[in-house]
Structures are given as structure tokens and as C-alpha cells.
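Going by my numbering, the sequence shown opens with residue 295, and the numbers climb by one from there.
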Amino acid sequence: MNQEWAEKNKTMQALLGKEASFREGIERLIALRKDLFGQISSIAQNFPKEAFSQMPFAGAKGYHSKTLAYSMWHIFRIEDVVAHTLIRQDSQILFADGWQERIKSPLITTGNELQGADIAAFSEQLDVKALYEYGKAVMESTNGLLQALEYSDLKRRFSEADRQRLIESHCVSTDESAFWLIDYWCGKDVRGLLKMPFSRHWIMHVEAMCRIKN
Numbered sequence: 295m296n297q298e299w300a301e302k303n304k305t306m307q308a309l310l311g312k313e314a315s316f317r318e319g320i321e322r323l324i325a326l327r328k329d330l331f332g333q334i335s336s337i338a339q340n341f342p343k344e345a346f347s348q349m350p351f352a353g354a355k356g357y358h359s360k361t362l363a364y365s366m367w368h369i370f371r372i373e374d375v376v377a378h379t380l381i382r383q384d385s386q387i388l389f390a391d392g393w394q395e396r397i398k399s400p401l402i403t404t405g406n407e408l409q410g411a412d413i414a415a416f417s418e419q420l421d422v423k424a425l426y427e428y429g430k431a432v433m434e435s436t437n438g439l440l441q442a443l444e445y446s447d448l449k450r451r452f453s454e455a456d457r458q459r460l461i462e463s464h465c466v467s468t469d470e471s472a473f474w475l476i477d478y479w480c481g482k483d484v485r486g487l488l489k490m491p492f493s494r495h496w497i498m499h500v501e502a503m504c505r506i507k508n
């Protein structure tokens, strides 16, 4: 993991763990997300469309085996699902303002079920500019959620009703390579979700995007 991001993440997580430093922890989390989104912005604004469906590490083990477009879709679909369907229990950003149609995505899922050539084929269909703007909208919405959190919210856990709501959203594939996500998220409290997917998940996939672009 990128050492600078890892250290910022470690410091931020420690601050979140104490009520006296919780608000500073949230501010640092949002700052870290801003840094990471800056990397995504640089890639989205400076690389040609064909670069976003290329798989230079196809077959490798790791997040860098995907494409740039898939990585962007995956980061922000997971965040959108967790922030809105699970935590806020409201409508996802994808389903507002026609984002799915603008992105030209045939999927509403997180994409975990896709493998190999299917990832490249999916990536070729996406409007990268719209995908980037969708990601920005998701990030800004989640940042608002983060700023509204109180320290006492960190211990909030999730119920069978929450699990069923995720299933019924059809935003997580029933394929075994994806469906585990529902139990994974519902097994965490809100603090756990601040790590995965709101911070560490970003770090891992943005690092992968940096490897792919290079």
C-alpha cells in the first residue's frame, strides 16, 4: 500500500476511535478521499477513451488485473450501495438524474461478478466522462453523510431487514463472487464501513489504477 496514504489512513482511524478526536478524524477522512479522488481526476481527464478498457495485467492476481473504467465503476457503485441502501436507507445516486443511462452501463451491480474479457467488454461500453461525474457525485454525497455522523453512530449495527433490503435492491449480483459482500457489510458496524469501503477500499483500487495507467 502507498506509504503516504497508509499513514494518513492509520492516523485517521486512530482519531475516529476516540470521541474527543472523532471530528478531526472525519475531517482527515474527507481530506484523504479528496487526495485519492485527485488521482482519479488526473487519470479521467488525461487519458484517451481506449485506455479505460485496456487490461495490461490481465490474469494477474490483484486489483490491478482490472481496467481503469471498471475500477471507477466498482469503487463508486460499492460506495453508493453502502451509503444509501444500507446506511441512509434512501435512493442511490445512480438512480437519480439518469446516471445509469448517461454512463451507458448495462449493469447496476458492483461488478464483482465480472471476470476477464467480460470486464474489458463492460468497460468499452461506458461513457468515461459521465462515469467520472457520477463518481464525483457519489463522493460528495458520502462526504455529506460523513460530516453528519456523530461518534455514537459508529457502533450502529445492521439487521436482517437491512440485509434483505440490499438483496432486494439487486445491486449485488447473486453470483458467489459478489453475493458475499452483503454479509460482509452487514457484519460490520458503521465504523467498520468507514474503513471498507469509505477509505481503505479506495486506497487499494486507486493504487491499482495508478499501476494500470503506468
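All C-beta atoms, glycine included, are put in the ideal place defined by N, C-alpha and C. Remember, it's a predicted structure, so these values are computed and weren't measured experimentally.
Tell me, to the nearest whole angstrom, how far the beta carbon of VAL422 is from that of ILE387; I am working on the premise that it is less than 8 Å.
So it is not a contact: roughly 17 Å between Cβ atoms.
Own chain residues within Cβ distance below 7 Å of ILE324, not counting five before or after:
ASN437 and LEU440
Under three-state DSSP, which class holds ARG382?
helix
Cutoff 7 Å; reference SER347; Cβ partners in own chain excluding five residues on either side:
THR361, ALA363, ALA414, SER417 and GLU418
Measuring only the C-alpha atoms, how far is LEU475 from VAL500?
20 Å
Alpha-carbon to alpha-carbon, ILE461 and HIS378:
14 Å
Local conformation of GLN441 per DSSP, three classes:
helix
Is the beta carbon of GLN307 sitting closer than 8 Å to the one on LYS482?
no
Compute the Euclidean distance between the alpha carbons of SER453 and ASP477, then round it to the nearest angstrom.
11 Å
Leaving out five residues before and five after CYS480 in sequence, what residues of the same chain have Cβ atoms less than 7 Å from its Cβ?
PHE452, ASP456 and ARG457
In whole angstroms, what is the alpha-carbon distance linking ARG327 and SER336?
14 Å
Would you give the residue range spanned by the alpha helix (DSSP H) that ASN303 belongs to?
297-310
Can you name, in chain order, every residue of its own chain whose Cβ lies under 6 Å from the Cβ of ASN296, other than the five neighbours on each side?
GLU501
Quick check on this structure: which residue in ILE397, GLY405, SER385 and SER359 has the alpha carbon closest to the alpha carbon of ILE369?
GLY405
Other residues of its chain near PRO491: CB distance less than 7 Å, five sequence neighbours each side excluded
ILE372, GLU373 and VAL376
Contact defined as beta carbons within less than 8 Å: I believe TRP393 pairs with TYR428. What is the distance between those atoms, to the nearest angstrom?
5 Å
What do you get for SER435, buried or exposed, if any count of 16 or more other CB atoms within 10 angstroms of its CB means buried?
buried
From GLN409, ARG459, ASN508 and CYS504, pick the residue whose C-alpha is nearest to that of ALA352; which is it?
GLN409
Is it buried or exposed for ALA314, if we count other Cβ within 10 angstroms and need 16 for buried?
exposed
Looking at the structure shown, is THR404 part of a helix, part of a strand, or coil, going by DSSP?
coil
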